[in-house]
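Have a look at the structure below, then the notes.
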Amino acid sequence: MAHFTKATSVKDWLNQRLAIEKVEKVMASEYWIPKNINFLWAMGMILAITFALLLVSGIFLLMYYQPHVDTAFYSVNFTIMREVGFGWLWRHVHGVAASVVFLIIYIHMFTGIYYGSYKKGREMIWISGMLLFVTFSAEAFSGYMLPWGQMSYWAGMVITNIFSLGGLHVDGLVEWIRGDYVPAQAFLNRFFMLHVLLLPLAIMGLIGLHFAALRIPHVNNQDGEEVDFDVEAKKYLDGDKAGSKVIRFANDFMSKDMMVVGVYLIFFFYLVFFHYEFALDPVNFDPADGLKTPAHIYPEWYFLWSYEILRPFSVNIGLIAFGFAQVIFMLLPWLDRSPNTIPASRRGLFNIWFWLLLIDMIVLTAMGKLPPAGIFSTIGLVAALAFIALWVVLPFITKNEKKV
Amino acid sequence: MKNKEPLILVVVVAFTLLTYWLVEPFAHSQMHKHVESEHFEYKDLPAVTKTGNAANGKALVTGAAACTGCHSINKESMPAGMDAVMAAQSYGVNPPDLSNVGAIFDTRFLSDLIKNPAHALKVEHKFDAAKGKMHPMVAFYGAGGDIDQEVADMVAYLQSIAVKPENLTPKMAFENACGRCHAMSYENWTQIGEKPSFKHKKDSLAFDIKVLEYQDSLKAYMGKLPPDLSMYYRSRSTHFLETFIENPQSQLEGTAMPRVGVTAHAAEKVIEHMADSADTKRHEREEVGTNVMWYTLIFAIFAFLWKRSVWRDLH
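If you read the sequences in order, they're chains A and B.
Just so you know, the first sequence maps onto residues 54 to 457 in my numbering.
Just so you know, the second sequence maps onto residues 24 to 338 in my numbering.
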């Protein structure tokens with residue numbers, strides 16, 4: 054058994070029991086981050102803060118929301134938006150954060166791809182990150198069902214229909230997921246449970262894994278430089294702060310994070326108060342009506358690219374392409390055969406591949422929302438084929454990359 | 024080493040804005056029919072050339088033209104012949120009270136409505152006299168004199184008894200122009216009026232039954248129950264609401280909803296009432312929003328200063 058002495062201070066008392074000084078060192082002051090990074094490295098902190106905003110606003114909304122098909126719409130649009138003090142604020146924060154979090158996730162993901170931050174020991178960071186993307190997607194979708202508006206209902210109908218797996222006609226699976234033949238009470242209840250319990254738990258667990266995955270390989274830097282963290286940390290602790298290639302997580306890195314967070318929050322709250330329609334779709338302010346299909350059914354903007362990979366093909370091929378799009382990002386560390394962990398700008402063909410992928414996904418996103426007719430349909434098909442082709446050629450173009 | 028951050032920021036912002044523009048303004052411009060506003064001028068209806076005489080108009084409205092046979096004018100102590108439920112059973116919808124119509128509906132529109140209801144209301148696809156489908160409002164065929172003069176007199180009378188436009192409230196405009204077909208439950212409005220608070224459940228249920236009976240007639244008349252407008256200010260754009268109110272056929276061809284013929288001023292009031300229901304907290308939102316923006320700006324400045332002081336030793 055450990056030896057305890059009479060504590061000299063509260064800190065000492067806690068230290069003997071929880072080793073708080075050691076924890077502080079491990080987690081913050083001697084958690085070493087490369088100095089050679091830019092503001093894109095602050096996206097993790099921004100995501101953590103946005104997740105906190107979602108969690109807090111969600112807790113307040115949960116106090117008044119009623120998961121019942123007869124009262125859900127009313128509890129959101131009347132009770133929360135009109136009756137509860139600042140209920141409108143929590144709803145706007147929740148709705149806008151749910152949309153903006155995906156913008157930041159995409160920036161975070163493309164930063165990782167650009168700087169090769171999924172290679173050489175960082176594979177688990179990438180995989181846990183992609184699992185977070187999947188769980189966030191499920192969280193966003195299940196949350197979208199809850200106001201029980203027209204888009205909730207019809208998006209629920211369309212997306213759960215995907216599980217009939219086209220030509221296989223597994224209609225029983227769709228009914229099992231819905232708990233009914235159409236989205237109804239059982240459907241709303243289970244998506245409510247997923248949204249407020251199971252998926253947030255999974256997300257929090259995965260965030261822990263994502264952070265843990267970062268410990269051993271350390272954070273990448275913007276030149277792909279291999280940093281000897283032990284040597285550089287010693288240099289820092291010996292007083293050569295300017296000469297060392299590493300900085301403390303707190304306060305060094307944290308202060309930069311907070312600066313970026315400050316700018317981000319200005320953008321975020323501008324959207325919350327003055328420009329929220331993109332996140333709170335007007336169509337969803339009509340109550341769900343199973344007898345009235347909206348003229349256009351489209352997912353939120355962050356699902357549009359994968360929706361467009363599903364849409365331009367016949368049912369079965371579309372589903373295969375859609376399945377491909379869902380898993381392919383996960384395999385990136387193995388599809389990129391290059392030995393280099395350096396920014397895309399120094400990787401020749403991969404650089405072209407990166408920008409093409411980014412542009413292709415933006416094109417897919419745009420076509421996913423536009424009506425699938427005429428020229429938009431053709432552009433969507435070409436972009437979907439291009440997406441698949443890009444991933445097929447990736448191993449070949451990276452295999453011949455010269456080691457730098 | 025050169026600082027690449029400004030360039031990175033430009034790239035991130037540019038791609039974000041491009042994506043936003045594609046999925047929001049551009050996509051919506053392609054998805055929805057564009058309808059130009061007609062500014063509530065009702066130019067398709069004949070211009071009014073005669074100057075009306077309110078005294079003659081009163082004699083016509085209450086006498087030869089027989090308006091008060093179906094319409095009440097509560098302001099002038101002329102009550103309706105039957106209650107809303109029974110009126111709807113007879114006509115399909117409860118005929119409006121004429122007390123304030125002069126302030127809400129356009130002069131051209133009222134003049135044409137009196138002579139040819141289905142035409143002014145743009146519901147000739149539903150009501151065609153030649154096919155034996157008469158509009159429930161009987162057209163005025165003249166009282167023996169110059170029909171245009173008589174119509175002008177009646178309109179002048181209705182305008183003389185109506186509230187002054189500046190005293191027209193959003194609620195009044197909505198209830199007169201929309202409220203006999205559309206409920207607005209968040210404002211406690213039913214098609215037969217505001218639901219009072221009853222002491223006994225029995226009385227409350229009796230009122231609900233009346234509403235349901237009224238709605239049955241309305242459904243038969245309109246083809247379906249017109250939607251509750253509680254949240255329409257959030258579910259439709261202001262431009263859509265404006266153009267739809269001034270001419271429902273322009274946005275939704277063949278709809279059973281008649282053109283209601285409100286003036287631009289009354290339309291503004293109607294939309295304000297819809298905002299009062301669907302976006303009750305809009306003024307609070309702007310006020311809180313401005314304060315939060317200032318707070319966040321100050322936070323960002325302090326964060327920047329903190330970063331600068333911490334990083335002074337690191338460079």
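Each residue gets a CB set at the ideal place from its N, CA and C atoms; glycine is no exception.
- Bridge partners of A/P87 according to DSSP: A/V299.
- Taking one beta carbon from each stretch, the stretch 439-451 of chain A and the stretch 404-420 of chain A have 3 or more pairs nearer than 8 Å; the two touch.
- Within the stretch 70-94 of chain A, K88, N89, N91, F92 and L93 place their CB atoms closer than 9 Å to a CB of chain B, listed in sequence order.
- Taken in chain order, the complete alpha helix (DSSP H) segments of 4 residues or longer contained in the stretch 316-388 of chain A are 357-363, 368-381 and 385-388.
- By the Cβ-count criterion, A/G421 is buried, with 16 or more other Cβ atoms from all chains shown falling within 10 Å of its own Cβ.
- Within the stretch 34-64 of chain B, V35, F38, T39, L41, T42, Y43, L45, V46, E47, F49, A50, Q53 and M54 place their CB atoms closer than 8 Å to a CB of chain A, listed in sequence order.
- Listed along chain A, the residues sitting closer than 9 Å to B/V311 by beta-carbon distance are F139, L142 and F326.
- Those residues of the stretch 116-133 of chain A placed with their C-beta closer than 8 Å to a C-beta in chain B are N130 and F131, ordered along the chain.
- Neighbourhood of A/H147 in chain B, by CB distance below 9 Å: empty, with the nearest CB roughly 15 Å away.
- Counting along the chain, the unbroken alpha helix (DSSP H) around B/D299 starts and ends at A287 to A301.
- Within the stretch 210-274 of chain B, the complete alpha helix (DSSP H) runs of at least 4 residues fall at 224-245, 255-258, 261-269 and 271-274.
- Contact annotation for A/H161 against chain B: no contact, minimum CB-CB distance about 11 Å [criterion: below 9 Å].
- Going by C-alpha positions, A/E136 is about 18 Å away from B/Y256.
- Proximity of chain A to B/D239 at the Cβ level (cut-off 7 Å) is not reached, the minimal Cβ distance being about 18 Å.
- Only those residues of the stretch 346-369 of chain A whose C-beta falls short of 9 Å from the nearest C-beta of chain B are listed: A348, H349, Y351, W354 and L357.
- Secondary structure of B/M101 (DSSP, three-state): strand.
- The three-state secondary structure of A/M116, taken from DSSP, is coil.
- Here DSSP, grouped into helix, strand and coil, assigns A/F57 to coil.
- Each of A/L226, A/S367, A/Q379 and A/I112 was checked against the Cα of A/W143, and the nearest Cα belongs to A/I112.
- With its beta carbon less than 7 Å from one in chain A, B/F327 belongs to the interface.
- In this structure, the straight-line span from the alpha carbon of A/G371 to that of A/F216 is close to 13 Å.
- No Cβ-Cβ contact shorter than 7 Å links A/M96 with A/I180.
- When A/V153, A/M183, A/H145 and A/M177 are compared, the shortest CA-CA separation from A/M162 is found for A/M183.
- Fewer than three Cβ pairs drawn from the stretch 315-324 of chain B and the stretch 280-298 of chain B lie within less than 8 Å of each other, which leaves the two stretches out of contact.
- One alpha carbon belongs to B/A162, the other to B/T72, and they sit about 20 Å apart.
- Closest by C-alpha distance to A/K88, out of A/G343, A/F282, A/V235 and A/K455, is A/F282.
- Within 8 Å of the CB of B/F322, the CB atoms of chain A belong to G315 and L318, in sequence order along the chain.
- Residue B/V116 holds the alpha-carbon nearest to the alpha-carbon of B/G246 among B/T74, B/V116, B/S260 and B/A126.
- In this chain, the alpha helix (DSSP H) harbouring B/A141 covers P140 to A143.
- For the options A/G219, A/Y127 and A/I166, the alpha carbon positioned closest to that of A/L363 is the one of A/G219.
- Contact between A/V325 and A/V149 holds, since their C-beta atoms are separated by about 5 Å, short of 8 Å.
- In the DSSP assignment, A/G202 forms a beta bridge with A/P340.
- Contact annotation: in the stretch 286-306 of chain A, residues whose CB is within less than 7 Å of a CB in chain B are K294, A295, I300, N304 and D305.
- Straight through space, the alpha carbons of B/E189 and B/A78 are spaced by roughly 24 Å.
- A/I415 reaches chain B at F38, L41, T42 and L45, counting residues in chain order whose Cβ is nearer than 9 Å.
- For B/I31, the enclosing alpha helix (DSSP H) starts and ends at E28 to W44.
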